[in-house]
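Top line first, the protein sequences correspond to chains D and Z. Taking the numbering used here, I'd label the letters of the first sequence as residues 1 to 192. Taking the numbering used here, I'd label the letters of the second sequence as residues 1 to 192.
2 protein chains.
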Amino acid sequence: MPDPDPSPARWEPQGHTILARTRVFDLHSVRFRHPRRGTEKDFVVMRPPGWVNIIAVTPDHQLVLVRQFRFGVDDFTVEIPGGLMDPAESPLATATRELREETGFIGGAPRLLGTVDPNPAIQSNTCHIVLITGAQRRAEMEWDADEEIEVRLQPVDEVMAAARSGEIRHSLVLNALFLFEPVWAEMKARGI
Amino acid sequence: MPDPDPSPARWEPQGHTILARTRVFDLHSVRFRHPRRGTEKDFVVMRPPGWVNIIAVTPDHQLVLVRQFRFGVDDFTVEIPGGLMDPAESPLATATRELREETGFIGGAPRLLGTVDPNPAIQSNTCHIVLITGAQRRAEMEWDADEEIEVRLQPVDEVMAAARSGEIRHSLVLNALFLFEPVWAEMKARGI
Chain D
1 MPDPDPSPAR WEPQGHTILA RTRVFDLHSV RFRHPRRGTE KDFVVMRPPG WVNIIAVTPD
61 HQLVLVRQFR FGVDDFTVEI PGGLMDPAES PLATATRELR EETGFIGGAP RLLGTVDPNP
121 AIQSNTCHIV LITGAQRRAE MEWDADEEIE VRLQPVDEVM AAARSGEIRH SLVLNALFLF
181 EPVWAEMKAR GI
Chain Z
1 MPDPDPSPAR WEPQGHTILA RTRVFDLHSV RFRHPRRGTE KDFVVMRPPG WVNIIAVTPD
61 HQLVLVRQFR FGVDDFTVEI PGGLMDPAES PLATATRELR EETGFIGGAP RLLGTVDPNP
121 AIQSNTCHIV LITGAQRRAE MEWDADEEIE VRLQPVDEVM AAARSGEIRH SLVLNALFLF
181 EPVWAEMKAR GI
């Protein structure tokens, strides 16, 4: 039946079935009902826990980076540290914990720079971006099983230039650097 | 067996099984072998086709935006136009096609602004960001089944401000605006 109203409708979720459960997300098939047409259709939705990525700056203006093998692209990447939120954990607590576990770095009070939706079309979770300044290596690393991480330090301005030049291609890392850019300009102007 | 070499290893893919096939991606379980430990483990990888997002600018400096219901976040979003690459289609051809099909807008020659990896940890594909200037509504829209799109125009500078303020949260849309920012500054300086 043709729908006389052309404006986008708010489809109504009717329940879901689980297509797959993995260590990092569940894959659901969600049945949605179109409110005007009355038709129903299944759409696939990835449901991961919340993600947190960390802009960690050392006292000498370097960014803490992690190099690791990534199974999705079957290659090495250089990224900022990050990880999955534990149940009931806040984004700021995740940031402090993941930075310490992945890199051994500890810094000052974490500050939320922003929150993004990794992929609203097919994915339900959000990714928080947290700034930690005064980061210094003061702890032992505690990697998860299968994690092998090389910690690198690189001047913040060099990393920003790599984001602008297309050298950094990780979508969520680019989001973090983009949101940090004006904060970093202000930090430099204030001589921090 | 402890691995004496602490540097990240390049795991070797050994083959995969298919966990799920959906309209927008396949979900694989890929067996990888650690070259030094000799151990094997399965990792989940999403394999979608290539994605293309389009920065479409009208002659009066407005950006072409699309408002639609998104099943992943179960809510409406305002995004830039975009879509999936057909097999053997180039990113530039996808951009011209998707802009016309989704919005009815046609512009000048498409130009690649950059390419990002949506999620190297769990996802194999890339997302291309393409600029089309001189965009004007000159065709009928041709939506895919279940697409309902409201086309909006908004001044480019307003959209850039919304990206900076946190109002726009879509990771890949933010990537596109971030990569377009210096190009837009140059276009304005040249009075285009």
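Beta carbons are placed, not taken as given, at the ideal position from N, Cα and C, and that holds for glycine.
Could you pull out every residue in the same chain whose Cβ sits closer than 7 Å to the Cβ of residue i, ignoring the five residues on either side in sequence?
i	result
E181 of chain D	M160
M1 of chain Z	Because the pLDDT at M1 of chain Z is just 46, under 50, the model does not fix this residue reliably, and the point stays unresolved.
D157 of chain Z	none
P87 of chain D	none
A189 of chain Z	none
Could you work out which residues of chain D lie near residue i, taking near to mean beta carbons separated by less than 7 Å?
i	result
E209 of chain Z	This structure leaves residue 209 of chain Z out entirely; chain Z is present only between 1 and 192.
K188 of chain Z	Per Cβ cutoff of 7 Å: no residues; K188 of chain Z is ~18 Å from chain D at best.
S124 of chain Z	G72, V73
V30 of chain Z	F71
G166 of chain Z	G114
Does the Cβ of residue i have 16 or more other Cβ atoms within 10 Å, making it buried, or fewer, making it exposed?
i	result
E98 of chain D	buried
W11 of chain D	buried
A121 of chain Z	buried
W184 of chain D	buried
R100 of chain D	buried
V66 of chain D	buried
I221 of chain Z	What is shown of chain Z runs 1 to 192, which leaves residue 221 of chain Z out entirely.
P155 of chain D	exposed
V24 of chain D	exposed
Relative to the C-alpha of residue i, which residue among the options is closest?
i	options	result
P48 of chain D	D:V73, D:P118, D:F76	D:P118
H50 of chain D	D:A176, D:N125, D:R36, D:S171	A quick correction: the sequence has Gly, not His, at residue 50 of chain D. When only C-alpha atoms are compared, the closest one is D:N125.
V116 of chain Z	D:L27, D:V24, D:R33, D:I168	D:I168
E148 of chain Z	Z:T17, Z:F71, Z:P59	Z:F71
A56 of chain D	D:L92, D:A162, D:S7	D:L92
A176 of chain Z	D:K188, D:V64, D:G166	D:G166
S171 of chain D	Z:L131, Z:I132, Z:G114, Z:V183	Z:G114
C127 of chain Z	Z:I54, Z:F69, Z:P35	Z:I54
P8 of chain D	Z:T77, Z:H61, Z:A20, Z:D26	Z:T77
R74 of chain Z	D:D146, D:K188, D:Q14	Position check: residue 74 of chain Z holds Asp in this sequence, whereas Arg was assumed. It is D:Q14.
L153 of chain D	D:L112, D:D26, D:Q62, D:G191	D:Q62
D42 of chain Z	Z:I106, Z:G83, Z:L19, Z:E102	Z:L19
E102 of chain Z	Z:Q68, Z:I129, Z:L131, Z:T133	Z:Q68
L112 of chain Z	Z:V24, Z:L179, Z:R23	Z:L179
I106 of chain D	D:L131, D:A88, D:P87	D:L131
P81 of chain Z	Z:K188, Z:D60, Z:I129	Z:I129
M187 of chain Z	Z:E89, Z:R21, Z:D60	Z:D60
E79 of chain Z	Z:A88, Z:D146, Z:P6, Z:V64	Z:V64
Residue i touches chain Z at which residues, Cβ-Cβ below 7 Å?
i	result
F180 of chain D	None at all; the shortest Cβ gap to chain Z is about 12 Å.
T22 of chain D	V44
R100 of chain D	Ordered by position in chain Z, no residue passes the 7 Å Cβ test against R100 of chain D, which lies about 18 Å from the chain.
D146 of chain D	K41
Note down, in chain order, each residue of its chain lying with its Cβ closer than 6 Å to the Cβ of residue i, except the 5 sequence neighbours on either side.
i	result
T94 of chain D	V52, M85
E40 of chain D	R31, R33
T58 of chain D	A135
T96 of chain D	P110
A163 of chain Z	L174, L177
E108 of chain D	For clarity, residue 108 of chain D is Gly in the given sequence; the question names Glu instead. Counting only Cβ-Cβ distances below 6 Å, and skipping sequence neighbours, we find T133, G134.
W143 of chain D	none
Q123 of chain D	M46
Using a cut-off of 8 Å between C-beta atoms, extract the partners of residue i located in chain D.
i	result
S171 of chain Z	V116, D117, P118, N119, C127, S171, L172, N175
Going by beta carbon distance, what residues of the same chain come within less than 8 Å of residue i, once the five residues before and after it are set aside?
i	result
G104 of chain Z	R137, R138, A139, E140, M141, V151
H16 of chain Z	H28, S29, V30, R31, V45
A35 of chain Z	The question names Ala, but residue 35 of chain Z is Pro in the sequence shown. The residues are A9, R10, W11, E12.
P6 of chain Z	none
Please find out if some non-hydrogen atom of the ligand GTP comes closer than 8 Å to the beta-carbon of residue i.
i	result
V151 of chain D	Among the components modelled here there is no ligand, and therefore nothing to report on the ligand GTP.
Strictly below 8 Å CB to CB, what residues from chain Z border residue i?
i	result
L19 of chain D	L19, A20, T22, L27
T13 of chain D	Inspection of the sequence shows that residue 13 of chain D is occupied by Pro rather than by Thr. Those are D74, listed as they occur along chain Z.
- Contact set between the stretch 48-78 of chain Z and chain D, restricted to residues whose Cβ is under 7 Å from the partner: R67, Q68, F69, R70, F71, G72, V73, D74, F76, T77
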